[in-house]
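Student:
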Amino acid sequence: MVNDRQTLDLKPFSRGQTGPAVEWRISDSAIPYPDAVAAMDSRVADVASGNATELVWLLEHPPLYTSGTSGKADDLLEARFPLFETGRGGQLTYHGPGQRIAYVMLDLKARRPDVRAYVAGLEEWLIRTLAAFNVKGERREDRVGVWVARPDKGVGHEDKIAAIGVRLRRWVSFHGISLNVEPDLRHFEAIVPCGVVDPRYGVTSLVDLGLPVTMPDVDVALRQAFGEVFGEAQQLPETAA
C-alpha cells in the first residue's frame, strides 16, 4: 500500500547552497550509551541556540538494549545486556558491535518542521544506502524501519535490516537510525524487536544477506545517500572521536 511516507517530496529538507555545512563525526571505539545521550543533549542545545552546526555522528555501541516511549516491559525476554530507557520514539531494540548507528542532529525548523516527513526522509536515506549494495530496502505501512523481502525463508517472510527512532527538542532532531552491517543476530533473540511478534518477520544484516561489506564501505554509502536526500552541497571534514 502506498502511503504518504512513500510519496514524500524530499526537496524541502535541503537548506540550500547557502546553508551551513553538516559536520560528520565517526567514532572508532564503542561509545557507552549514557555518554552518547549526554553528548547529543549538549549538541542539540547548541544547534538550537545557533552555537553549533548540525551533526551526523556515526558510531557503534557495546551490546545493550534500549526502550523507546512505546516500549513494553514484556518485550524483554532475557536480560542479557543492560537496558536503557530512552526518550526516542519506538519500542525495544538491540544495539551492538557490527551495527552502524547514525545519530542525526538537524535543525528541522530551518529545513522542514514535519516529524512524519522527517521519519520518511530517514527511511529514504536508508533505502538509498542499501541500494548502493544492490539490496532492495522497503517501507511498510504498519512497521517503521526498513525491510527486505526473504522469499528464501518462505512466502511472505521479511526481515528488518534497519531501525529508526527519533526525538525532537526545539525542532532539532536527535537519536536516529541503526543499520545492521554484521551484528550478532542472536542478540535479537532476547527481545521482541520493535514489538513485532509475527513469525514471518525477522532481523537480518548485510553480511547475513551474503554481502561481506565493511563498516567504512557503509559509511561512504551513508554519506552519499544523505546528500541526495537532505540536499547537502558540501560537508565539513570527518573528525574521529
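In terms of the working numbering, the sequence shown opens at residue 56 and continues consecutively.
All C-beta atoms, glycine included, are put in the ideal place defined by N, C-alpha and C.
1) Measuring alpha carbon to alpha carbon, tell me which of G126, A245, R143, I219 ends up nearest L132.
2) Would the beta-carbon of G145 fall within 7 Å of that of G220?
3) Applying the criterion that 16 or more other CB atoms from any shown protein chain within 10 Å of the CB defines a buried residue, is V236 buried or exposed?
4) Taking buried to mean at least 16 other C-beta atoms within 10 Å of its own C-beta, is R167 buried or exposed?
5) Can you tell me the Cα-Cα spacing of L99 and E178, whole angstroms?
6) Identify, in the order they occur along the chain, each residue of the same chain with its Cβ nearer than 6 Å to the Cβ of A204, setting aside the five sequence neighbours on each side.
7) Compare the C-beta of T269 against all C-beta atoms of chain D and say whether one is closer than 7 Å.
8) How is K191 classed by DSSP in three states: helix, strand or coil?
9) Kindly give me the distance between the Cβ atoms of Y158 and A91, rounded to whole angstroms, as I take these residues to be in contact under 8 Å.
Tutor: Let me spell this out:
1) A245
2) yes
3) buried
4) buried
5) The amino acid occupying residue 99 in the given sequence is Val; Leu does not appear at that position. The alpha-carbon atoms of V99 and E178 are separated by roughly 21 Å.
6) Cβ within range, chain order: E213.
7) Absence of chain D from the displayed structure is noted, only one protein chain being present.
8) Correct three-state label for K191: coil.
9) 7 Å
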